[in-house]
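Chemist: Reading the sequence shown from the start, the letters are residues 15 to 124 in the numbering used here. Right, I'll just put the structure down here and ask away after.
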Amino acid sequence: MVEIEAVRAFALSLPGTEEYDHFGKPAFRANKRTFATLWVPEQRAMVKLSLIDQSVFSAFDPTVIYPVPNKWGLQGCTFFDLTNVRQDMLEDALTTAWQATSQKRTGKKK
């Protein structure tokens, strides 16, 4: 089991990360882009991955790591069951998501 506070501490250890409230849930962002949210009562974390990374992480155990069951899941949002996930696996996913979101955007918003 990975404790909520361990997830929070690890996410905040990633450079440039800040915590904020996202619709009543603790969330983490870098470069103004969210890469994870905590679903505290449900004991799970949502990590924003690429579809390829989502597939790779989910392959380890799709009962523990799986796409969010809605349109966000089709965009890489992935649930991690904190009661059963290995801490090193979750930390790898958080790092992967942080790396993707912390990079500078290349295009201008229209």
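Glycine is no exception: its CB is placed at the ideal position from the N, C-alpha and C atoms.
DSSP state of Asp75, grouped into three classes?
Modeler: Looking at Asp75 - three-state DSSP - the assignment turns out to be coil, as it is neither helix nor strand.
Chemist: Flag Trp86 as yes if its beta-carbon sits less than 8 Å from any beta-carbon of chain B, otherwise no.
Modeler: Absence of chain B from the displayed structure is noted, only one protein chain being present.
Chemist: Could you check if Pro81 is buried or exposed, using at least 16 other CB atoms within 10 Å of its CB as the buried criterion?
Modeler: Buried.
Chemist: Which two residues bound the contiguous alpha helix (DSSP H) that contains Glu105?
Modeler: Segment 101-116, the alpha helix (DSSP H) holding Glu105.
Chemist: Find the nearest neighbour of Phe127 within the set Leu52, Arg47, Asp35, Gly38, judged by alpha-carbon distance.
Modeler: In the structure as shown, the chain starts at 15 and stops at 124, and residue 127 therefore has no counterpart that could be examined.
Chemist: With distances taken from CA atoms, which of Met15, Asn84, Gln89 is nearest Gln1?
Modeler: Limits of the chain in this structure are 15 at one end and 124 at the other, which puts residue 1 out of reach.
Chemist: Are the beta-carbon atoms belonging to Phe74 and Val61 less than 8 Å from one another?
Modeler: For Phe74 and Val61, no; Cβs fall outside 8 Å.
Chemist: Between the C-alpha atoms of Leu65 and Phe71, what's the straight-line distance to the nearest angstrom?
Modeler: So the alpha carbons of these two residues sit roughly 10 Å apart.
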